[in-house]
Amino acid sequence: MQYELQISSTDLTRLQDHAERMLPDEAVALLFGTISGISVHLTRVELMENTSTTAHTSFSVSPEVEYTLLVEAEKRGESLVGIFHSHPAPPRPSQSDLRNMRFNPVVWLVASKLAGSWIIKGYALEGNGPVEVVMHVVKSRDSIP
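FYI, our numbering numbers position 12 of the sequence shown as 904, with every residue one higher than the one before it.
Right, here's the structure in full:
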């Protein structure tokens, strides 16, 4: 099943700017919204602090902050629909990402700036491997059904 992600251009820019500010470390953000069939509707982006002790090549977030955001999302009728992070490598899931995708079966957005400008690709785990998620960039969140 190939998922489709609806993301506003503003949110996409925020993610790119966050990744740029965090260089040379990996940036991380939690993505909240709703899922309807194969459509993932992003309604909120929470930029996170990378708490990993090896932040150049991995990421982690504060469990307490993540829990608070999950409780808040539930109250809003949202759920965690994605995880964004940047890579010092091409924009595809690493072996570590693939292991973590099994525990967090949401859309994973991976950003890379190897070619000089940011490239962000989305993935979901299907079977034993990642499949690319179709990303639809819309003008504003109001355009997301």
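Built from N, CA and C at the ideal position, the CB exists for glycine as well. These numbers come from a predicted model, not from an experiment.
Original post:
Is residue 979 buried or exposed, if buried means 16 or more other CB atoms sit within 10 Å of its CB?
Top reply: Mapped onto the sequence shown, residue 979 falls at position 87. The residue in question, residue 979, is buried, as its Cβ has 16 or more Cβ neighbours within 10 Å.
Original post:
To which residues of the same chain is residue 961 closer than 7 Å at the C-beta, ignoring the five residues directly before and after it?
Top reply: Here residue 961 corresponds to residue number 69 of the sequence shown, with the count starting at 1. So the list reads 922 and 938, once near-sequence residues are dropped.
Subject >> Buried or exposed (CB count within 10 angstroms, at least 16 for buried), residue 999 >> reply: In the sequence shown, the residue the question calls residue 999 occupies position 107. Looking at its Cβ environment, which holds 16 or more other Cβ atoms inside 10 Å, residue 999 is buried.
Subject >> Cβ-based burial, residue 974 [other Cβ within 10 Å; buried from 16] >> reply: Counted from its first residue, the sequence shown places residue 974 at position 82. With 16 or more other Cβ atoms within 10 Å, it is buried.
**OP:** Identify which residue in 912, 931 and 992 has its Cα closest to the Cα of residue 1008.
**Re:** Taking the first residue of the sequence shown as position 1, residue 1008 is located at position 116. The shortest C-alpha to C-alpha distance from residue 1008 to any of 912, 931 and 992 is the one to 912.
**OP:** Whole angstroms is fine: what's the gap from residue 1021's alpha carbon to residue 990's?
**Re:** Position 129 of the sequence shown holds residue 1021. Position 98 of the sequence shown holds residue 990. Between the alpha carbons of residue 1021 and residue 990 lies a gap of roughly 7 Å.
**OP:** Mind the definition here: the stretch 916-935 touches the stretch 952-970 only if three or more C-beta pairs lie below 8 Å; say whether that holds.
**Re:** Because the criterion of three Cβ pairs below 8 Å is met, the stretch 916-935 and the stretch 952-970 touch.
**OP:** List the residues that DSSP assigns as beta-bridge partners of residue 994.
**Re:** As a position in the sequence shown, residue 994 is number 102, starting the count at 1. DSSP lists no partner for residue 994.
Original post:
When the Cα of residue 985 is compared with those of 1014, 907 and 896, which residue comes out closest?
Top reply: Locating residue 985 in the sequence shown gives position 93, counting from the first residue. It is 1014 whose Cα lies nearest to the Cα of residue 985.
Subject >> Status (buried if at least 16 other CB within 10 Å, exposed otherwise) for residue 918 >> reply: Sequence index remark: in the sequence shown, residue 918 carries index 26 (1-based). It counts as buried.
Subject >> Among 916, 976 and 949, the one whose alpha carbon lies nearest that of residue 906 >> reply: In the sequence shown, the residue the question calls residue 906 occupies position 14. Looking at the Cα atoms, 976 is the closest of the given residues.
**OP:** Rounded to whole angstroms, what's the CA-CA distance from residue 1006 to residue 910? Just pull it up for me.
**Re:** Residue 1006 sits at position 114 when you count from the first residue of the sequence shown. Residue 910 sits at position 18 when you count from the first residue of the sequence shown. Taking the straight line from one Cα to the other gives about 16 Å.
Original post:
What does residue 1015 pair with, by DSSP beta-bridge criteria?
Top reply: One-based indexing of the sequence shown puts residue 1015 at position 123. Note: residue 1015 sits in a beta bridge opposite 1000 and 1024.
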